[in-house]
Structures are given as C-alpha cells and as structure tokens.
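Going by my numbering, the sequence shown opens with residue 3, and the numbers climb by one from there. All C-beta atoms, glycine included, are put in the ideal place defined by N, C-alpha and C. What follows is one structure encoded as structure tokens, with my remarks underneath.
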Amino acid sequence: MPNLLEYTPSGWYCPIGDFFIDPHAPVERAVVTHGHTDHACPGSRHYLAAASSVLVLKERLGPDADIEALPFGQSMTMNGVNVSLHPAGHVLGSAQVRIEYRGEVWVVSGDYKTVAEPSCEPFEPVRCHVFVTESTFALPVYRWQPQSEIMAEIHAWWRANQDQGRTSVLFAYALGKTQRLLAALDPEAGPICVHGAARVFLPAYEAAGVRFPPIHSAEAAEVRRFAGRALVLAPYSSFRTPWFHALGPTSTASASGWMQIRGHRRRQGVDRGFVLSDHADWEGLLSAIRATGAERIGVTHGHTEVLCRWLREQGTDCWQASLVRRWSEDVG
Ligand SMILES: [Zn+2]
Ligand SMILES: [Zn+2]
3 MPNLLEYTPS
13 GWYCPIGDFF
23 IDPHAPVERA
33 VVTHGHTDHA
43 CPGSRHYLAA
53 ASSVLVLKER
63 LGPDADIEAL
73 PFGQSMTMNG
83 VNVSLHPAGH
93 VLGSAQVRIE
103 YRGEVWVVSG
113 DYKTVAEPSC
123 EPFEPVRCHV
133 FVTESTFALP
143 VYRWQPQSEI
153 MAEIHAWWRA
163 NQDQGRTSVL
173 FAYALGKTQR
183 LLAALDPEAG
193 PICVHGAARV
203 FLPAYEAAGV
213 RFPPIHSAEA
223 AEVRRFAGRA
233 LVLAPYSSFR
243 TPWFHALGPT
253 STASASGWMQ
263 IRGHRRRQGV
273 DRGFVLSDHA
283 DWEGLLSAIR
293 ATGAERIGVT
303 HGHTEVLCRW
313 LREQGTDCWQ
323 ASLVRRWSED
333 VG
C-alpha cells in the first residue's frame, strides 16, 4: 500500500483519495484546514472544509469558491478514503484532517493550539498511526502564560495609556488573534475600535456563536473622538501608515508568541509585547503528540529539526516533512 499521504511541491497529497491538504497551488480537490493565507490558497476547483470555517474561507477564496462544508466529527469518503475533520483550536473552524484507509489512520494537524478559549472550538486529540504536526514554537523556551494573566497585563497597559491620554494600539493578526482578544476584552475599560481588515471576519465568528463586546470603527476621526481612552485592534501592517499617524498620541503593542523573544519586539518597534500565541507551546506540542498515540510523527512548519531530534531521543519514529516556508500572516 502506498503512503496515505506524501509531500509534493504543491503540498500534502493523498494518492489513493486523490486530494490535497492545504495545497500551495490550485488543484482539483483541496481539503483546507483553516483560513490563514499559508493554508488557504485560492483557485482550486473544489474545497472541503469545516462547516464553521466556510464564511471565513469565502473571505479568503472568493465568494464563488466551491466549498463543501463538513461538520466536525462527521466523515465522508473520497475514492474509498474516509475523511473527517476535528477541531485544532487555532482559529474559528480550524481543523485537523483525519484520513483512514483499510484501518490505517493518518492525521494532519494543520496549525493548532491546545489551550481552550472562547473564540474557537477547543483542540481535540485524535488517535492515529501517523501524526503530522506543526512545530512553529517547538523550542523549550516557548511556554505560554495563562491567557487570563496576559489579558490582565493588556488591561493594565490600556489603563496606564488612558491616564496619559494616549490611544492604545494593539497589533494582532486580522484573523484569529484579533477575535480572540476581542472576546476577552472588558468593554467597561473603555471604547474598543477594530480595524476593517479584522472586522470582515466578525460575522463568521458571530454566526458560530462567539460573543463580542460592542465595537467601534477604527477610522482615525472616530478614534480621536475618544481622546486617548480607546483601545484599537489593528494588523501590524497598519503601523506607521497615514491612518496610524492620524490617530494622535498613541502607545503601541503587539500580541504574538514571538513577543517572547525580546529582539523581535525591538525589531517591530512597538512599545510593548504581549506573549499570546494561537499555536501550541513546547509542552502543548509534546502533550498533543503523546495524546495521538501515533507510532510515527511527521514534523512540518517551524522548528522541525529540534522537535524531531527530541522525539527520536524519546524513541519515537519521526521525520522532517519538508515544507516550503512561505510568507505567512499567522505565524504567531
Ligand atoms: Zn494558521
Ligand atoms: Zn500556518
């Protein structure tokens, strides 16, 4: 029997089922784990994705994209291969892909985080023979603090800025991180403004039952009206644009797993860094891998070498599945 999945220049391919997972180029049939641009490539003929990710994917793949919705936990058959999707806990609707053929089970994790929070379905471990895991933060130095502690730091920073009459501008990825922050912000603390790049995804979240506080537009005139009391959620790409300069006095911060590395914050030129990641930390990766019970682990997407070496030392069969590192908005 051939491998259930093989890595090709276009991405993970299932030769028996004749479909790709998160292909980097247009293909006939694509299973898409989630809406980040390094996973959701436009132009394929047919897509299969988790039901709760479809509205997000329409923003990314275009309104006419042919997307078949599969609810989490239900399965379908493609050329005799059983396919089902299971929550990856990374952003709304993010899925692990489970593939079964003649009793052999492979799971491709996509991006995942093991800590549960209200903006997306919690990560669900899936038993399998072969587990293909991401490794974005696969170094022992990555160890996330609880979200409640990070949110307390963010609110304290916001209050201190209000005392100085400075608008708090918190940079976060437009899909996932912004909605996670928004669901955890206290509207009693002051007005919350959300940049248009992230607002487009809010209806998808609201349709899935995620609750947000009241929000305001992030147009500069609107933000200035709040005279330094507002917190603005915006993508980092908006930093130092004419829009940003029109906000008046500001204090800036980024929310990302990379903020754990001091040099990264300095390079970004922001005043504060909050370590909040939508990926698993080192312990999260190891516990997720153990929970699959898999006898072989494929490692992609990040610190593949470190994680592979560590797993081999523990006696786990492991290989570095090559993944072309492309520009990504979400690595963090
Ligand atoms: Zn992602
Ligand atoms: Zn990714």
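- For ARG227 and GLY198, the gap between their C-alpha atoms comes out near 18 angstroms.
- Non-local C-beta neighbours of TRP321 in its own chain, meaning closer than 6 angstroms and more than five positions away in sequence, comprise GLY300, ordered along the chain.
- Looking only at HIS36, LEU50, HIS38, GLY37, the smallest Cα-Cα distance to VAL29 is reached by LEU50.
- In the structure shown, ASN163 adopts helical secondary structure according to DSSP, grouped into three states.
- Under DSSP, TYR49 shares a beta bridge with ALA32, ILE69.
- The nearest non-hydrogen atom of ligand 2 is 7 angstroms or more from the C-beta of HIS305.
- Boundaries of the beta strand (DSSP E) harbouring VAL85: 83 to 89, taken from the DSSP string.
- Its chain contains GLN98, ARG100, VAL128, CYS130, PHE133 as the residues whose beta carbon lies nearer than 6 angstroms to that of VAL109, once the 5 sequence neighbours on both sides are disregarded; these appear in chain order.
- For ASP283, the Cβ stays outside the 7 angstroms cut-off from all heavy atoms of ligand 1.
- Here ALA27 is exposed. Its C-beta has fewer than 16 other C-beta atoms within 10 Å.
- For HIS41, the Cβ falls inside the 7 angstroms cut-off from some heavy atom of ligand 2.
- Within the region 169 to 220, the beta strand (DSSP E) runs of at least 3 residues that lie entirely inside it are, in chain order, 169 to 173, 194 to 196.
- By the neighbour-count criterion, in which 16 or more other beta carbons inside 10 Å mark a residue as buried, ALA236 falls on the buried side.
- Just so you know, the alpha carbons of PRO11 and SER96 end up roughly 23 angstroms apart.
- Using a Cβ distance threshold of 8 angstroms, SER77 and VAL85 count as a contacting pair.
- Using a 10 angstroms sphere on the CB of GLN181, the tally of other CB atoms reaches 16 or more, which defines it as buried.
- For ARG314, the uninterrupted alpha helix (DSSP H) segment begins and ends at 306 to 315.
- By the Cβ neighbour-count rule, GLY295 is exposed, with fewer than 16 other Cβ atoms within 10 Å of its own.
- Here the C-alpha atom of GLY112 lies approximately 38 angstroms from the C-alpha atom of GLU224.
- Residue nearest to ALA200 within the set VAL58, ASP40, PRO4 is VAL58 (criterion: CA-CA distance).
- A straight line joining the alpha-carbon of VAL171 with that of CYS122 spans about 24 angstroms.
- Not one heavy atom of ligand 1 is found less than 7 angstroms from the C-beta of ASP24.
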